[in-house]
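Quick notes on the structure that follows.
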Amino acid sequence: MIRLAAFLVAAAALTAPTAAKEKAAEAAASPAVWRVSDSDSAVYLFGTLGALPAGASWRSRTLAGAIDASDVLWFEAPVGEAGAGETADRIFRTEGVLPAGKTLTSLLAPERREALAAIAEKNGIPVKSLDGLKPWAAFVVLSAQIGASAGSVSADADLMTEAKGRGRTLKYFETIESSLGVLTMMPETEQVALLSFLLDDFARQESALPATFAAWRDGDAEAIDAHLNQSMRTAAPAAYKRLIADRTQALAAGIAAALKSRETAFIALNAGYLVGPDGLPDALAAAGFKVERLDRPPPAKPELRDD
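So the sequence shown is numbered by my numbering: it starts at 205 and just counts up by one.
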């Protein structure tokens, strides 16, 4: 059985590129950071990538300042905690396997079967080991291969390590079970559409890795959405709604609750949740919170003229 790595439990992260193969530009990094506040409390929002090029420069003074100002750091799920990998592995083995007599390839169109075989062969995965998996589980396994050979570190893991080293409190919006449950509870038709989308989009995601990292490092929210969300939004809208749009709304409710605690919090979530038409900044602004981009200068005020 193919082991489900702990970092895959964040379902939206499964569609994010996992490495970049080119050296990052030497210009100062400026990843997007938002401040969300009400009358008496504030939190900082930061979008992460599933993994970063080893040794890449991506931190900024704005990011460091937000972490320094925070009492607690929030993440989507406790992927770095003891037992997380075992829990994910158990769910993968019990919920990710097709019933006897049913195969993954029988659920796919002929051209998708060919794509599955080609991607599996390229990445050294025996096709037979995939054929007994449910489509969501095969999606997880194949998503993990994008950029995996480049060697990388998860932004979430890096931030978690820093927080623990500094004695900060870590909190989570989800459990391992609830995070993976978004995938396991998908109707089979949605699972097939999600996997079919990945098979069609796999080469694009691989080739876009350097550009995706550059957009994220530069805080280009529009480009990040184009790289991470647009293709799924178009090709698998039901899966996009379940994995991104609906989860964004649930996270917005969780962030609103965190604001009530009056603790200054740094919230690190997959970048796909923070950009595009369903992004958290817009959702929180619509809920009445003040939302500011900190990594960008405020727009210039129009100059008053005496006519």
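C-beta atoms are modelled at their ideal positions from N, C-alpha and C, and glycine is treated no differently.
Check: Do the segment 337–345 and the segment 416–432 make contact, defined as three or more Cβ pairs closer than 8 Å?
Finding: no
Next item on the list: Report the rounded CA-to-CA distance for Ala461 versus Ser245, giving the unit in angstroms.
Entry: What you label residue 461 is simply residue 257 of the sequence shown in a count that begins at 1. What you label residue 245 is simply residue 41 of the sequence shown in a count that begins at 1. If you take the alpha carbons of Ala461 and Ser245, they lie about 11 Å apart.
Check: So, is the C-beta of Arg446 closer than 8 Å to a C-beta in chain B?
Finding: Looking at the structure shown, chain B is missing, and only one protein chain is on hand.
Check: Considering only residues of the same chain and omitting the five flanking positions on each side of Glu467, which have a CB-CB separation below 6 Å?
Finding: Here the question's residue 467 lines up with position 263 in the sequence shown. The answer, listed in chain order, is Asp275, Val276.
Next item on the list: Could you have a look at Gly305 and say whether DSSP puts it in helix, strand or coil?
Entry: Taking the first residue of the sequence shown as position 1, residue 305 is located at position 101. Here Gly305 sits in coil by DSSP.
Next item on the list: Compare the beta carbon distance of Tyr477 and Ile448 with 8 Å and say whether it is the shorter of the two.
Entry: Walking along the sequence shown from the start, residue 477 turns up at place 273. Walking along the sequence shown from the start, residue 448 turns up at place 244. Contact: yes.
Note to self: Please list the terminal residues of the continuous beta strand (DSSP E) segment that includes Phe279.
What the structure shows: Residue numbering aside, residue 279 sits at position 75 when the sequence shown is read from its first letter. Start and end: 276–279.
Margin query: Tell me the rounded alpha-carbon separation between Asp404 and Arg317.
Written below: Working through the sequence shown from its first residue, we reach residue 404 at position 200. Working through the sequence shown from its first residue, we reach residue 317 at position 113. When rounded, the distance between both Cα atoms is 11 Å.
Checklist line | Trp340 versus Ser382: straight-line alpha-carbon distance, rounded | finding: Looking up residue 340 in the sequence shown gives position 136. Looking up residue 382 in the sequence shown gives position 178. Taking the straight line joining both Cα atoms gives about 15 Å.
Next item on the list: Using only alpha-carbon positions, find the residue among Ala457, Gly284, Arg265 that is nearest to Met364.
Entry: Taking the sequence shown and counting its residues from 1, one reaches residue 364 at position 160. Nearest of Ala457, Gly284, Arg265 to Met364, Cα basis: Gly284.
Next item on the list: Could you name the residues of the same chain whose beta carbon sits closer than 6 Å to that of Leu374, not counting the 5 residues immediately before and after it, in chain order?
Entry: On the sequence shown, residue 374 is found 170 positions in, with the first residue counted as 1. Answer for Leu374: Leu277, Ala367, listed in chain order.
Check: In three-state terms, what does DSSP make of Arg239?
Finding: Locating residue 239 in the sequence shown gives position 35, counting from the first residue. Here Arg239 sits in strand by DSSP.
Next item on the list: Taking 8 Å as the cut-off, decide whether the C-beta atoms of Glu473 and Thr252 are in contact.
Entry: As a first step, residue 473 must be located in the sequence shown, where it is residue number 269. As a first step, residue 252 must be located in the sequence shown, where it is residue number 48. It is worth fixing the name first, because residue 473 is Leu in this sequence and not Glu. Yes, these two residues count as a Cβ contact at 8 Å.
Next item on the list: Measure the beta-carbon distance from Leu498 to Val240 and round it to whole angstroms, keeping in mind my assumption that it falls under 8 Å.
Entry: As a first step, residue 498 must be located in the sequence shown, where it is residue number 294. As a first step, residue 240 must be located in the sequence shown, where it is residue number 36. That belief does not hold up - the Cβ atoms of Leu498 and Val240 are roughly 11 Å apart, past 8 Å.
Next item on the list: Name the two residues that bound the continuous beta strand (DSSP E) containing Ile448.
Entry: For the purposes of this step, residue 448 is identified with residue 244 of the sequence shown, where counting begins at 1. That residue, Ile448, is in no beta strand (DSSP E); it is neither H nor E in DSSP.
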